[in-house]
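Worksheet: the structure to be examined is printed underneath.
Number of protein chains: 2
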Amino acid sequence: MDYLEEINSLRDQVSFRKEISLPEKFTSVVIAGMGGSGIAGRIFKDIYGAKPVVIVDSYSIPKFVDSSTFFIAISYSGNTEETISALEEAKKRGAKVAAITSGGMIEDMVPDPVIIPRGLQPRSAIGFLLIPLLRGFGIVTDSDLGEARSTIEKTGRDTSYYEQVAMEIHSGKRIPVIYGTSPFGSIAYRWKTQFNENAKILSYSSYFPELNHNDTMALEKTFRKDEFYFIVLTSGQTEPILRRRIKITSELCNVSFNEINGEGNSTASIIFTLIHKGDYISYFLARYRNVDPRDVAIIEELKERLKGTI
Amino acid sequence: MDYLEEINSLRDQVSFRKEISLPEKFTSVVIAGMGGSGIAGRIFKDIYGAKPVVIVDSYSIPKFVDSSTFFIAISYSGNTEETISALEEAKKRGAKVAAITSGGMIEDMVPDPVIIPRGLQPRSAIGFLLIPLLRGFGIVTDSDLGEARSTIEKTGRDTSYYEQVAMEIHSGKRIPVIYGTSPFGSIAYRWKTQFNENAKILSYSSYFPELNHNDTMALEKTFRKDEFYFIVLTSGQTEPILRRRIKITSELCNVSFNEINGEGNSTASIIFTLIHKGDYISYFLARYRNVDPRDVAIIEELKERLKGTI
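See below:
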C-alpha cells in the first residue's frame, strides 16, 4: 500500500466495529499514549465529558491512579516504552486496565486488548485507534460514522485544494501555525504532528479562545510575520463567540487565516474530515519537498539508542 | 513600578501566605483560567497527582462537574469572560467553588475568594496566582518556598546571561522554541506565552518525551532551521532517561539546544527560577526590539470589541 492509500484508508477505518469494554464502575479515565497513538486519547478527552479524563504522555502516572481508575494504554506498535512503563505502574496500583494496539508487548499485558489491524504507520491508523474509544464510551452512533464515511469520501474526491495549500506553504518556505477552536484543540495538534512527521517541517498549534491571551500579542509585530502560514480549523459546531474571536483577531492583528472546515453535522464527521484534510496537505507538502512522508528513521534510531542496542 | 520591578517582585511573591481552603470531600479538581492566569492551573496540574485535575480554558465546563467537584476559578482581573462563564455553570451544577483573583466580578461570585494584590500585569503575578494552590493542597513547605526565595534572588543578581540570550534571539530574528521536560511542560508553555506577550514574537513550546514522537522528525530537515532558537528547560529533577533523550535528539537531529536550568532542590524552587529566567529573557528581548513589554492593547481591544462596546 503506498502512503496515499494509507491516508485514504481512513474512510474504511471509520467503519471499524471493535470497541473498548467499559468496567462496571470507575471514577476517572486515564489514557496513556505518545505521538500518533496518543492523539486518539487527546481527541477523546476533548469531546468526552462524563468523567474526568487525564492524559499520560511520559513514563509515570499520577498518584491518584488506583482500583477506581479506568486506565487505557494506546500504542499502535504495542512496544512504546513510555506507555509500557505507565501501564505496568497502573497494573501495580490495581487499576482496571485496557489497551488499543496492533500487537507487541502490550497485547499480553491486559486481559482483553482491542486488537487493530497492523501494517500502517501509527499516524495513519487514527481511525482504528480512535473508533474503539468513541464506540466503547457510547459517544458516536452508527449513523454518525456513516456520515463520517461519506464526508471523508467526498473530501478525497478532489484533493486539488489541499495540493494548492501545500504549494503555498512550500513556495514561501512558510511555517504552518494551526489554530483549532475549542473544544477541538487536539485536532490542531494532530495537524502540527502531521506536518512534523510527514513533511519534516516544524509547525505548532494552539486554539481559540486560549490563544487570544498570548499569540494574539505577537501576531502583528512578530519576527518573520510573512514566513508563517496561519490555518484556522472550524466547523458547523464552532460557537458564534469563537467565530467572532477569529474575525476580530484577524482584523486587529492584520493577519490572514486560511479557514479549513470540518464537514458534516456529527462530531465524528467533523473530527475525521478535519484530520483527513490535514493529512492531505502534509502529504502533498512532503511530495513538493521531495521527502518521504513515511520515513521516521530518526525516531526509530532514537528508540534503538535509548535501548542501548546501537 | 516599572516592568522590571514587576518581574523582580516574584521574589517577594513566593512568600505570600494566603491559601485556597480545600472542601472536606471532593473527587476531582477543575481549574478554569485563561492565559497568564490559567498558567497557574496548568503548573499545578503538572505537579499535583492526588486527584484528577482537569483544566478549563474556554466558556463551558465538562459534563461530569457536580457537587463532588472542587472547581477553582483563577483570573487576575476577576473579569475574564471565559472564566466567569465557566464559574457560573459550575455553580449551577452545585460544584464546590473557590477563586483566586485580585477583585472584579469573580470576587463576589464565590463565598471565600483568595484575594491577591492588584496593580501588576496578570503574567507578572504568577507567584500570587500559584502559591495559594501549592499551599492549599499542601504540596510545598515553608522551607521549599524559602529556598525558592533565595534562588530567585540569586538568579536576579546577574542577569547578563539572559540579556545575551535575548540578543542572540534578536540579532538572528530567531523564533524561540521552548522544550520542557515532563512533568514540567507547563513551564515551557509559560515561556512561550511570555515571548508572545512581552516580546511580541511568535514562539511555541513542547516537552520531552512527547516531542520525540513528532518534532524530532522535523528538526533536521525543517524549513528555516537556522531561524529557530531552541531552549531546553531542565533541573536537578530531570529524569536520567529524559537527559539521554535530550542528548540523543541533539546528536541525531544535528541541532543545538540552549539548556536552561531550574535552580534548587525543591519543586517550588525549580518552577519559580525557571519562570524567572524566561521572564528576564522575554523582557530583554522586548527592550532590544523596542516594544513595550507591558503593552497588551490588542488583547484589551479584542475584549472590548467582543463586548460590542467599540
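First to last, the protein sequences are chains U and W. Here the first sequence stands for residues 1 to 310, where the numbers follow our numbering. Here the second sequence stands for residues 1001 to 1310, where the numbers follow our numbering. By construction, the Cβ of each residue, glycine as well, lies at the ideal position given by its N, Cα and C atoms. From a predicted model like this one, the values you see are computed outputs, not experimental measurements.
Specify, as a first and last residue, the run of the alpha helix (DSSP H) that GLU88/U falls within. For GLU88/U, the enclosing alpha helix (DSSP H) starts and ends at 81-92.
Tell me the rounded alpha-carbon separation between ILE1248/W and VAL54/U. Their Cα atoms are separated by approximately 29 Å.
Pick out whichever of SER37/U, GLU82/U, GLY264/U has its Cα sitting closest to the Cα of ALA148/U. The residue with the shortest Cα to Cα distance from ALA148/U is GLY264/U.
Determine the chain U residues that contact MET1167/W at a beta-carbon separation under 9 Å, and present them in chain order. The premise fails here: MET1167/W is roughly 14 Å from chain U at the closest Cβ pair, so nothing lies under 9 Å.
Which class does ILE1116/W belong to by DSSP, given the choice of helix, strand or coil? Residue state, collapsed to three classes: coil.
Looking at the strands, I want to know which residues DSSP matches up with SER235/U. According to DSSP, SER235/U bridges with GLY262/U.
Would ALA50/U count as contacting chain W if we go by Cβ distances under 9 Å? At least one chain W Cβ lies under 9 Å of ALA50/U.
Any residues in the stretch 1205-1219 of chain W with a beta carbon nearer than 7 Å to a beta carbon of chain U? Which ones, in chain order? The residues in question are PRO1209, GLU1210, ASN1212, HIS1213, ASN1214, ASP1215, THR1216, MET1217, ALA1218.
With DSSP as the reference, label GLY180/U as helix, strand or coil. Reduced to three states, the DSSP call for GLY180/U is strand.
Contact set between PHE1257/W and chain U, taken where Cβ atoms lie within less than 7 Å: Neighbours of PHE1257/W in chain U, taken as residues at a C-beta separation under 7 Å, are lacking, since the least C-beta distance is about 14 Å.
Taking 9 Å as the threshold (C-beta atoms), are ILE1178/W and SER1205/W in contact? For SER1205/W and ILE1178/W, yes; Cβs fall inside 9 Å.
Taking only beta-carbon positions, decide if ASP57/U is within less than 9 Å of chain W. Cβ-Cβ to chain W under 9 Å: yes for ASP57/U.
Less than 9 Å between the C-beta atoms of ASN254/U and GLU220/U, yes or no? Their beta carbons are under 9 Å apart, which means ASN254/U touches GLU220/U by this criterion.
What does DSSP give as the partner residues of VAL1030/W in its beta bridges? The partner list for VAL1030/W (beta bridge, DSSP) reads VAL1054/W, PHE1071/W.
Can you have a look at THR141/U and say buried or exposed, based on whether 16 or more other CB atoms are within 10 angstroms of its CB? It counts as exposed.
Would you say ARG1174/W lies against chain U (beta-carbon separation less than 9 Å)? It does; some Cβ of chain U falls within 9 Å.
Between the stretch 64-78 of chain U and the stretch 29-37 of chain U, are three or more C-beta pairs nearer than 8 Å? Contact holds: three or more Cβ-Cβ distances are below 8 Å.
Just to confirm the assignment: which complete alpha helix (DSSP H) runs, minimum length 4, are found wholly within the stretch 1185-1219 of chain W? Counting only runs of 4 or more, we get 1185-1197, 1215-1219.
Which residues, taken in chain order from the stretch 1177-1195 of chain W, show a beta carbon closer than 8 Å to some beta carbon of chain U? Of all residues in the stretch 1177-1195 of chain W, VAL1177, SER1182, PRO1183, LYS1192, THR1193, PHE1195 have a Cβ within less than 8 Å of some Cβ in chain U.
Can you give me the start and stop residues for the alpha helix (DSSP H) that THR1155/W sits inside? Taken as a continuous stretch (DSSP letters only), the alpha helix (DSSP H) holding THR1155/W covers 1142-1157.
Are the C-beta of VAL1291/W and some C-beta of chain U separated by less than 9 Å? For VAL1291/W, a Cβ of chain U is located within less than 9 Å of the residue's own Cβ.
Which residues does DSSP list as the beta-bridge partners of THR101/U? THR101/U pairs with SER75/U, ILE115/U.
Please report whether the beta-carbon of THR1222/W lies at a distance below 9 Å from any beta-carbon of chain U. Cβ-Cβ to chain U under 9 Å: yes for THR1222/W.
Taking Cβ-Cβ distances below 7 Å as the criterion, which residues of the stretch 1082-1098 of chain W are in contact with chain U? Flagged, chain order: GLU1082.
Pull up the CB-CB distance for LYS200/U and VAL291/U, whole angstroms please, since I reckon it's below 8 Å. That belief holds up - the Cβ atoms of LYS200/U and VAL291/U are roughly 5 Å apart, short of 8 Å.
Out of curiosity, what's the CA-to-CA distance linking PHE1284/W and PHE1064/W? Those two C-alpha atoms are separated by around 44 Å.
Under 9 Å by beta carbon: chain W residues contacting GLY36/U: The answer, in chain order, is HIS1213, ASN1214.
Check TYR48/U in the structure and name its three-state DSSP category. In this structure, TYR48/U counts as coil in the three-state DSSP scheme.
What is the C-beta distance between ARG1245/W and PHE1208/W, in whole angstroms, given that I count them as a contact (C-beta under 8 Å)? The pair is a contact, with the Cβ atoms about 5 Å apart (cut-off 8 Å).
Nearest by alpha-carbon distance to ASP1256/W: which of GLU1304/W, VAL1232/W, MET1167/W, ALA1268/W is it? What sits at residue 1256/W in the sequence shown is Ser, not Asp. It is VAL1232/W whose Cα lies nearest to the Cα of SER1256/W.
C-alpha gap between ILE1260/W and LYS1225/W, whole angstroms: Distance between the alpha carbons of ILE1260/W and LYS1225/W: 21 Å.
Contact check, GLY156/U vs ARG11/U under 8 Å by CB: the rounded distance? Taking the Cβ atoms as the reference, GLY156/U lies roughly 7 Å from ARG11/U, within the contact range of under 8 Å.
At a CB-CB cut-off below 7 Å, which residues of chain U make contact with VAL1296/W? Residues of chain U with a Cβ closer than 7 Å to the Cβ of VAL1296/W are, in chain order, MET217.
What does a CB cutoff of less than 6 Å around THR234/U pick up in its chain, not counting 5 residues either side in sequence? Only THR181, GLU259, ASN261 meet the Cβ criterion.
Cutoff 8 Å; reference GLU227/U; Cβ partners in own chain excluding five residues on either side: Non-local beta-carbon contacts of GLU227/U in its own chain, meaning distances under 8 Å to residues more than five positions away in sequence, involve GLY172, LYS173, ARG174, ILE175 in chain order.
Taking GLU1019/W as the reference, give the member of THR1080/W, ASN1198/W, ALA1099/W with the closest Cα. The option with the nearest alpha carbon to GLU1019/W is ALA1099/W.
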